Amino acid sequence: MKRVLFISYNSLIEPLGPTQILPYIRALAGTFQMSVLSFEKPVRNDEEDARDIAATSLQLQAAGIEWIRLTYHKRPSLPATLFDIACGVLRVWREHRKKPFDLLHARAYVASAIACGAKRWTGVPFLFDQRGLQAEEYVDAGLWKSGSLPFRLTKRVEQWILRETDGIVTLTEA
Numbered sequence: 009m010k011r012v013l014f015i016s017y018n019s020l021i022e023p024l025g026p027t028q029i030l031p032y033i034r035a036l037a038g039t040f041q042m043s044v045l046s047f048e049k050p051v052r053n054d055e056e057d058a059r060d061i062a063a064t065s066l067q068l069q070a071a072g073i074e075w076i077r078l079t080y081h082k083r084p085s086l087p088a089t090l091f092d093i094a095c096g097v098l099r100v101w102r103e104h105r106k107k108p109f110d111l112l113h114a115r116a117y118v119a120s121a122i123a124c125g126a127k128r129w130t131g132v133p134f135l136f137d138q139r140g141l142q143a144e145e146y147v148d149a150g151l152w153k154s155g156s157l158p159f160r161l162t163k164r165v166e167q168w169i170l171r172e173t174d175g176i177v178t179l180t181e182a
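To get my numbering, take the position in the sequence shown, counting from 1, and add 8.
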């Protein structure tokens, strides 16, 4: 059975985890030997987060899914994200050396930057699970201005990811 690592920059205990990521990974676990790498962050309080992590861990174990947890760093934003990317690449490389992956499946941009770096070191192909065009979405939401530094950097990363990826998963109406 092919071994797949699903990389997410989201926490599995924040609302997106149980509603979108976990059902997706559990469905894939019927066909592939799945592992998931996530970046965990405080969501509620220490007690509730510990309870949710334990419950999620049990669910994943019951489905035969390995959970690799890293800590999410928030501030300062760009250096923290770059640090998380470096930590992610190193962890993927270490895990791959112990038991090789056949495919990296990266959800969105930061996870795909990790997959690009890991692919360079390991040669493992990766799928870019593209949620949408992030820079344009941030402009549409009024968070960034078109042509701003964050917009331009994100577009460059996007072009790099699109050149390096071995396939793209995208959202559709269906």
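Just so you know, even glycine gets a beta-carbon here, dropped at the ideal spot from N, CA and C. Computed from a prediction, not measured in an experiment: that's the story for all the values here.
Thr-162: which of Ile-76, Leu-141, Ile-73 and Leu-179 sits nearest, CA to CA?
Leu-141
Arg-77 - DSSP class collapsed to helix/strand/coil
strand
Considering only the alpha carbon of each residue, which of Thr-39, Ala-123 and Thr-64 lies closest to Ile-21?
Thr-64
Could you tell me which residues DSSP pairs with His-113 in its beta bridges?
Phe-14 and Leu-135
Check each candidate in Glu-103, Asp-54, Thr-27 and Glu-166 and name the one with the smallest Cα separation from Thr-130.
Glu-103
Contact under 8 Å by Cβ, Phe-47 with Tyr-80:
Using a Cβ distance threshold of 8 Å, Phe-47 and Tyr-80 count as a contacting pair.
Would you give the residue range spanned by the alpha helix (DSSP H) that Ile-61 belongs to?
54-70
Return the chain-ordered list of same chain residues with a C-beta closer than 7 Å to the C-beta of Glu-74, the five sequence neighbours on each side being excluded.
Ser-43
Could you have a look at Ser-46 and say whether DSSP puts it in helix, strand or coil?
strand
Tell me whether Gly-25 is buried or exposed, calling it buried when 16 or more other Cβ atoms sit within 10 Å of its Cβ.
buried
Using a Cβ-Cβ cutoff of less than 6 Å, which residues in the same chain neighbour Ile-176 once the five nearest sequence positions on both sides are dropped?
Phe-136 and Gln-138
Among the residues of its own chain, which have a CB less than 6 Å from the CB of Tyr-17, if the five just before and after it don't count?
Phe-47, Val-118 and Ala-119
Once DSSP output is grouped into helix, strand and coil, what is the label at Ile-21?
coil
So Gly-175 is in the beta strand (DSSP E); what residue range does that whole segment cover?
For Gly-175, the enclosing beta strand (DSSP E) covers residues 175-178.
Sort Ala-88, Arg-77 and Asp-92 by Cα distance to Phe-14 and report the nearest one.
Its Cα nearest to that of Phe-14, the residue Arg-77 stands out among Ala-88, Arg-77 and Asp-92.
Look at the alpha carbon of Arg-11 and the alpha carbon of Ile-93, and state the distance between them as a whole number of angstroms.
22 Å
With distances taken between CB atoms, is the gap from Val-165 to Ala-121 smaller than 8 Å?
Remark: C-beta atoms of Val-165 and Ala-121 approach each other more closely than 8 Å.
Quick one, are the C-beta atoms of Lys-49 and Ser-19 less than 8 Å apart?
yes
Of the choices Arg-128, Ile-29, Pro-108 and Arg-52, whose alpha-carbon is the least far from that of Trp-168?
Arg-128
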